[in-house]
Structures are given as C-alpha cells and as structure tokens.
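J.: Numbering (the working numbering), first residue to last: 10 to 181.
Glycine is no exception: its CB is placed at the ideal position from the N, C-alpha and C atoms.
This is the structure I want to talk about, given as structure tokens.
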C-alpha cells in the first residue's frame with residue numbers, strides 16, 4: 010500500500026466492506042478497475058458472480074478485468090438468461106398441467122391480452138421488457154408449487170405489466 014496516497018487508501022478502505030460475500034472481490038486492483046471504468050462495486054460483484062455462475066474463469070484477467078465492462082456484463086447476462094430459460098423450459102410441462110383448468114380465463118379486453126403463460130420464452134420476454142426478475146427469483150417455481158399465479162398483460166405482443174396473485178387472495 011506504499012504506492013497509494015492517503016486519499017486513495019481511505020477511498021479504498023471505505024469501498025471495501027470487509028464483510029465480503031465473495032472471496033474474489035474487494036482487492037485494491039479491483040477497486041482501481043472500478044474507478045477507471047466508473048462502475049460501482051455492486052455492479053462489479055454482480056458481473057463476477059454471473060460470470061462465475063456460467064462457468065467462466067474469473068481469475069483470468071480476460072474475464073476479471075474486461076476492456077469493455079458493459080459489453081461483457083451484457084454478454085454474461087445473456088448467458089444467464091439462456092440458462093434460466095433452459096432450466097425453466099423443463100418445468101413448462103408441470104406449469105401446463107397446473108394452469109390447464111385456468112387457461113380458459115385468458116382474455117382480450119380493450120386490446121390488452123390478459124393471460125396466464127405456460128411458456129418460458131414468454132416469461133423471459135416479459136422479464137426483458139419490464140426489467141423484472143420473474144425467472145431468476147423463482148416465481149415460476151411458486152406457480153408450480155401453487156403458491157402464486159402470475160398474470161401477464163400484453164398489448165400488441167408487447168409486455169405491459171404482470172400481476173402476482175397470491176394463494177391467500179392478495180395481489181403482489
């Protein structure tokens with residue numbers, strides 16, 4: 010730390026929360042990388058976590074310190090989405106069986122399509138359009154376990170909203 014000024018050391022010390030969840034974050038080099046790229050440590054941690062989850066070697070400088078952070082973040086995010094769709098594609102059969110009696114209530118009201126979806130790609134399209142985490146946070150699993158129902162609202166093939174209907178007659 011001798012090559013650091015006190016100001017830089019103090020900024021790094023504040024940045025480093027000392028309760029790190031991941032062993033691969035919070036080094037001085039990572040701090041300097043985040044400052045150079047003008048990104049928060051949370052964005053950086055999110056990126057490293059996703060890259061690790063899809064199997065990239067996050068100790069390799071190519072993945073650990075990408076030249077274009079936002080491009081790599083988006084690339085890894087697309088890989089995560091593909092894994093999620095594949096994972097939940099398997100659960101589609103269960104979802105179709107559970108929602109089968111309720112699919113008759115799908116409707117078009119004043120140009121808005123209001124429906125229950127049994128297709129993981131529709132779930133993903135909704136997540137992308139509305140910046141929601143329906144797949145990542147296990148909402149499809151909750152529907153399969155009959156704890157929730159997710160109602161989709163689309164207009165002209167574009168997702169507009171979702172509503173979470175809980176088992177105890179609450180709207181989430």
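(1) What separation, rounded to the nearest whole angstrom, lies between the Cα atoms of residue 151 and residue 127?
(2) Looking only at its chain, what residues have a beta carbon closer than 8 angstroms to the beta carbon of residue 164, apart from the 5 residues adjacent to it on each side?
(3) Find out if the Cβ-Cβ distance for the pair residue 101, residue 129 is shorter than 7 angstroms.
(4) Identify which residue in 56, 172, 154, 54 has its Cα closest to the Cα of residue 106.
(5) Does the stretch 81–92 come within contact of the stretch 108–116, defined as at least 3 CB pairs closer than 8 angstroms?
(6) Three-state secondary structure (DSSP) at residue 74?
(7) Could you name the residues that DSSP lists as bridge partners for residue 123?
(8) Going by CA-CA distance only, name the one from 50, 92, 91 that's closest to residue 74.
(9) Since residue 57 is in the alpha helix (DSSP H), which residue starts that stretch and which ends it?
(10) Tell me which residues share the same chain as residue 133 and place their Cβ nearer than 8 angstroms to its Cβ, disregarding the 5 neighbours each side in the sequence.
(11) Determine whether the beta carbon atoms of residue 82 and residue 56 lie at a separation below 7 angstroms.
(12) Please classify residue 135: does DSSP put it in a helix, a strand, or coil?
(13) Where does residue 172 land, buried or exposed, given buried means 16+ other C-beta within 10 angstroms?
(14) With which residues is residue 157 paired in a DSSP beta bridge?
(15) For residue 111, count neighbouring C-beta atoms within 10 Å of its own C-beta (all shown protein chains included) and say buried if the count is 16 or more, exposed if not.
(16) List the endpoints of the continuous alpha helix (DSSP H) containing residue 143.
T.: Short version:
(1) 13 angstroms
(2) 120, 121, 122
(3) yes
(4) 154
(5) no
(6) Reduced to three states, the DSSP call for residue 74 is coil.
(7) 116, 162
(8) 50
(9) 50–62
(10) 90, 93, 94, 144
(11) yes
(12) helix
(13) exposed
(14) 175
(15) exposed
(16) No alpha helix (DSSP H) contains residue 143, which DSSP labels as neither H nor E.
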